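Numbers given in our numbering equal positions in the sequence shown, counted from 1, plus 4.
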Amino acid sequence: MWPSQPPLLSESEMQAYGLPTCGRTSEKSPATAMIALFVLVELKVIPGGQLGFQCNDPALSHPYTGDTISWKWLMGITLLLPLVVMLIVERQCNGSEKNDLNKKNALRWYKEYVYGVLINLTIVQTLKLIVGSPRPHFFDTCQPEEAITCVGSDYISSYTCTKAYWLSQSDKSFPSGHTSLGLHAALFIAYYLHRRGASVGRGVVGGAQIVCVLCAVWCGVSRVQDRRHHWWDVLAGAVIAAPILFYTVGANAIHY
Numbered sequence: 005m006w007p008s009q010p011p012l013l014s015e016s017e018m019q020a021y022g023l024p025t026c027g028r029t030s031e032k033s034p035a036t037a038m039i040a041l042f043v044l045v046e047l048k049v050i051p052g053g054q055l056g057f058q059c060n061d062p063a064l065s066h067p068y069t070g071d072t073i074s075w076k077w078l079m080g081i082t083l084l085l086p087l088v089v090m091l092i093v094e095r096q097c098n099g100s101e102k103n104d105l106n107k108k109n110a111l112r113w114y115k116e117y118v119y120g121v122l123i124n125l126t127i128v129q130t131l132k133l134i135v136g137s138p139r140p141h142f143f144d145t146c147q148p149e150e151a152i153t154c155v156g157s158d159y160i161s162s163y164t165c166t167k168a169y170w171l172s173q174s175d176k177s178f179p180s181g182h183t184s185l186g187l188h189a190a191l192f193i194a195y196y197l198h199r200r201g202a203s204v205g206r207g208v209v210g211g212a213q214i215v216c217v218l219c220a221v222w223c224g225v226s227r228v229q230d231r232r233h234h235w236w237d238v239l240a241g242a243v244i245a246a247p248i249l250f251y252t253v254g255a256n257a258i259h260y
């Protein structure tokens, strides 16, 4: 199921720690281009799109009720939890007496994980900017001027939000960033445990993998229940996460 990987450490490093060698490490190109693109997206240098809306569209008429999982919580969990898991597993795998090796292994895995997170955020934010899809609470938080005078099922292709605070959020529904990032984190942890969790125990690893995936699914479902995304936004976020993960752990990663 998972692609095979070259060793995390070089042959000389493995020998220095008294470990068996099985090949050389591979190097990936720096993520400078991805970082630059991410900055351009965040600064809105890349011109964005704007999908219109139909008057009185019930799919866009839900009240804004907040987030079950806030963006700050999501970022905190997806950035800290994988690192904690990796440090614990590496300690269990190599023993507490090899602290330097444990930290080095964990940080190399974490570097690959963060690289995937960066790709994920860049792609999702770029799509949000280009598509400009109204959220389910669009009328409540945007309150477009054009919605006051339009009648029936007229289609409004261009509009202006009267709530300045929500101007940059009312039309960023597609795709779901929560779902994409949450699933990326869950699948990466599951993959990491598959590769490095043998010393922890098969039952523990299997249970942890299931919990991670279920948490990611719950995150996606909560976005629909909170009326922050349409169901197809969540589906798109999940579809985006999968190939990014396989690219990270396959063609562009440094693993055992």
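In this text, a Cβ means the ideal position worked out from N, Cα and C, and glycines have one as well.
For clarity, every value in this text was computed on a predicted model and none was experimentally measured.
Compute the distance between the beta-carbons of residue i and residue j, then report whether it is under 8 Å.
i, j, result
"Thr130", "Val217", "no"
"Gly224", "Pro179", "no"
"His188", "Leu249", "yes"
"Asp71", "Arg232", "yes"
"Cys154", "Lys167", "no"
"Ala204", "Gln96", "In the sequence as displayed, the identity of residue 204 is Val instead of Ala. Closer than 8 Å, so yes."
"Tyr119", "Phe192", "no"
Quick test of your reading: residue i and residue j, contact by CB under 8 Å. State the CB separation rounded to the nearest angstrom.
i, j, result
"Gly53", "Ile160", "That pair is no contact at about 15 Å."
"Met90", "Ala110", "4 Å"
"Ala220", "Ala190", "4 Å"
"Ile73", "Ser226", "6 Å"
"Trp113", "Tyr196", "6 Å"
Buried or exposed for residue i, please, with buried defined as at least 16 other CB atoms from any protein chain shown within 10 angstroms of its CB.
i, result
"Thr252", "buried"
"Gly27", "The predicted position of Gly27 is uncertain, since its pLDDT is 36 and thus under 50; a value taken from the coordinates is nonetheless stated next. By the 10 Å Cβ count, Gly27 comes out exposed."
"Pro138", "buried"
"Asn103", "exposed"
"Glu94", "buried"
"Lys176", "buried"
"Ile244", "buried"
"Thr69", "exposed"
"Ala194", "buried"
"Val209", "buried"
"Pro51", "exposed"
"Gln213", "buried"
"Pro62", "exposed"
"Val238", "buried"
"Pro148", "buried"
"Lys132", "buried"
"Ala20", "Confidence at Ala20 is low in this model, with a pLDDT of 48, below 50, so its placement is unreliable and the value that follows should be read with caution. The residue in question, Ala20, is exposed, as its Cβ has fewer than 16 Cβ neighbours within 10 Å."
On the DSSP bridge list, what partners appear for residue i?
i, result
"Gln58", "Tyr159"
"Cys165", "Pro148"
With a threshold of 8 Å between beta-carbons, can residue i be considered close to chain D, or not?
i, result
"Gly120", "The displayed structure is made up of one protein chain only, and chain D is not part of it."
Would the region 57-68 and the region 130-146 be scored as touching if the rule is three or more Cβ pairs under 8 Å? The region 57-68 makes contact with the region 130-146, as at least three CB pairs between them are under 8 Å.
When you compare the region 109-127 with the region 183-190, are there three or more beta-carbon pairs, one atom per stretch, that lie closer than 8 Å? Remark: three or more beta-carbon pairs, one from each stretch, lie closer than 8 Å, so the region 109-127 and the region 183-190 are flagged as touching.
Any contact between the region 79-90 and the region 150-165? By contact I mean 3 or more CB pairs, one from each, below 8 Å. These segments do not touch.
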